[in-house]
Amino acid sequence: MTERDLRLIHPSPPPERRQIVPSAVLGTTIFIGTEVMLFAGFISAYSISAAAAPMWPPPNQPRLPLEMTAINTTALVLSAVAMWWAGRQFAQGPAKARLAYLAALALGTFFVVFQGFEWYRLLAEGLGLTTSTHASFFYLIVGMHALHVIGALGAMFALFRALGRGTLSPDVFAAARLYWYFVVGLWPILYWRVYL
151 MTERDLRLIH PSPPPERRQI VPSAVLGTTI FIGTEVMLFA GFISAYSISA AAAPMWPPPN
211 QPRLPLEMTA INTTALVLSA VAMWWAGRQF AQGPAKARLA YLAALALGTF FVVFQGFEWY
271 RLLAEGLGLT TSTHASFFYL IVGMHALHVI GALGAMFALF RALGRGTLSP DVFAAARLYW
331 YFVVGLWPIL YWRVYL
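Sequence positions in the sequence shown follow this note's numbering and run 151 to 346.
Printed below as a string of structure tokens:
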């Protein structure tokens, strides 16, 4: 038997595959790509409607609370800073990340509750979903973002429990942080486009 024949009978093992990007991070990145397209579509439709309207926002409707939302925006951005710090602490030891992670959760929760309070006030002042095209876009875009934040917070609360048990993997934590940075980074763009 020749050496070639032996290689056919006993092929060499395949080379070891090296994972460049963890699966959780890759999946989250692909999901974020689809979400970017979703919000780009919303913002494009909003911009086209605003450009076609004689006056935007329409007169005689409640104004959006710029100052209150700026405070809320600050809380959300600070939650991303806390999440970044939690990531650095996690690299030194998962238990060290608990406090910063909890701060990110608290600030994110504050954002959602404060946003709900803002919506309650706007609805009480007469700005409903059918008040105008501007109001419809406001509730659609801001509401869709709020749903993303609530979903992210739900996952983050579950991961906080895993962190407490010591079972949170670095890859899953990296994916969660990536998604949180996305929802936080998206909000200033929406605030600038919808509120200002």
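Every residue gets a Cβ at the ideal spot worked out from N, C-alpha and C, and that includes glycine. Quick caveat, the model's predicted, so the values are computed rather than measured.
- Counting C-beta pairs with one atom in each stretch, the stretch 276-289 and the stretch 316-325 have fewer than three that are closer than 8 Å, which means they do not touch.
- In chain order, S286 place their CB closer than 8 Å to the CB of T280, counting only its own chain and leaving out the 5 sequence neighbours on each side.
- The beta-carbon distance between R248 and L313, rounded to whole angstroms, is 6 Å. This is short enough to meet the 8 Å contact definition.
- Per DSSP, reduced to three states, the secondary structure at S194 is helical.
- Residue environment for A220: exposed (fewer than 16 other C-beta atoms within 10 angstroms of its C-beta).
- Contact annotation: the stretch 174-190 touches the stretch 328-338, with at least three C-beta pairs closer than 8 Å.
- Of the residues A201, V333, A324 and M218, the one whose Cα lies closest to the Cα of I300 is V333.
- In this structure, the alpha-carbon of A253 lies about 9 Å from that of A236.
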